[in-house]
Structures are given as structure tokens and as C-alpha cells.
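These notes concern the structure reproduced below.
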Amino acid sequence: MLKHKVLLLILAMSVLFAFSLDSYGAAGNTGFTGAEWKEIGQLKGANADSMKVIVINSLYQGYSYGFTVVSKKNKQKIEQEYFERYLPFNITSAELIKYVDKVYSDPLNENLQLFQALTIVKQELNGRDKAELEKIIMQQRLIAALRSK
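Mapping to the numbering used here: the sequence shown position 104 is 148, numbers consecutive.
Below, the structure is given as C-alpha cells:
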């Protein structure tokens, strides 16, 4: 039953992510938080990691489609700049899952949306020092708290 819910959620997220950019290009409400991420983690064996990869790929594909809708003319340039700034690349799926799991291992990060967790991972991979990273995490928590109101 959980597997079917996750598959339905992934399908819905792909569409939702495509239209979740606000007028400034910032991430909108994707609705997929640490709580859902942890729920996927309860699947047995390789299913959990496979589902996590599908969720992350859906996010990336959804944003990519969103950029097509926003600007067909400059799509590639806008997409590349946005992804390079906010989303981790040049990392294996297994490594990315470990980093996201690490972000969500802190109960205070459970309300962060997946995009926010990936932003934190990106900053960690960029070599931000611990103090800077904590500041970014606090900012993301504040954004999550404001969104939930």
C-alpha cells in the first residue's frame, strides 16, 4: 500500500514540481518533506533507495520542465544557472541519498522540503564551513516554518 502511495506521490510531484517556481525562480511548495522521505526509508531492501532516486529524479525533471514552461528561449541557460546554484551535481545517487538522509536525520529538519534539503547538500558539497552551513540550515528551517503557516 505504501509503495502505491509513493508511486502516486511521485507522479503527482513531477507535475507539481514543474509548476512550483514563483516569479523570482525560487522553489515553490513541493510538499515533499523529511517525514515523507523517512517513510520511503521504511521500505525493505533496495526498494527504499530506488524510490528515493525516483523522487529526486522527479524533482530534477519537474524543475527542468518548469524551465521549459517559464522560458523556452533561454531555458538551457536559466536551467543550468539555477541547477548549479541550488542543486547538487557530479555526485552518485547513492552519495546524494546519504547526504539527504543526513540532513533529515536531524528531527528539526523534518519539515524541510526536499528542495531545501538538496540546497543544504549543495552548500555542504561546495565546502561551506560548519558555521556557514548552520546559518543556511537555520534559514531553510525558517522558510519551512513560514510555509507551514
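Built from N, CA and C at the ideal position, the CB exists for glycine as well.
Residue range 174 to 191 is occupied by the alpha helix (DSSP H) that includes Arg185.
The secondary-structure analysis by DSSP pairs Gln157 across a beta bridge with Thr77. Secondary structure of Asn91 (DSSP, three-state): helix. In this structure Glu139 is exposed. Its beta-carbon is surrounded by fewer than 16 other beta-carbon atoms within 10 angstroms. The shortest CA-to-CA distance from Phe127 to any of Asn101, Asp145, Arg185, Leu152 is the one to Asn101. Each of Leu169, Ala175, Ile164 was checked against the Cα of Ile187, and the nearest Cα belongs to Ile164. Between Ile98 and the set Ile141, Tyr109, Gly89, Gln86, the nearest pair of CA atoms involves Ile141.
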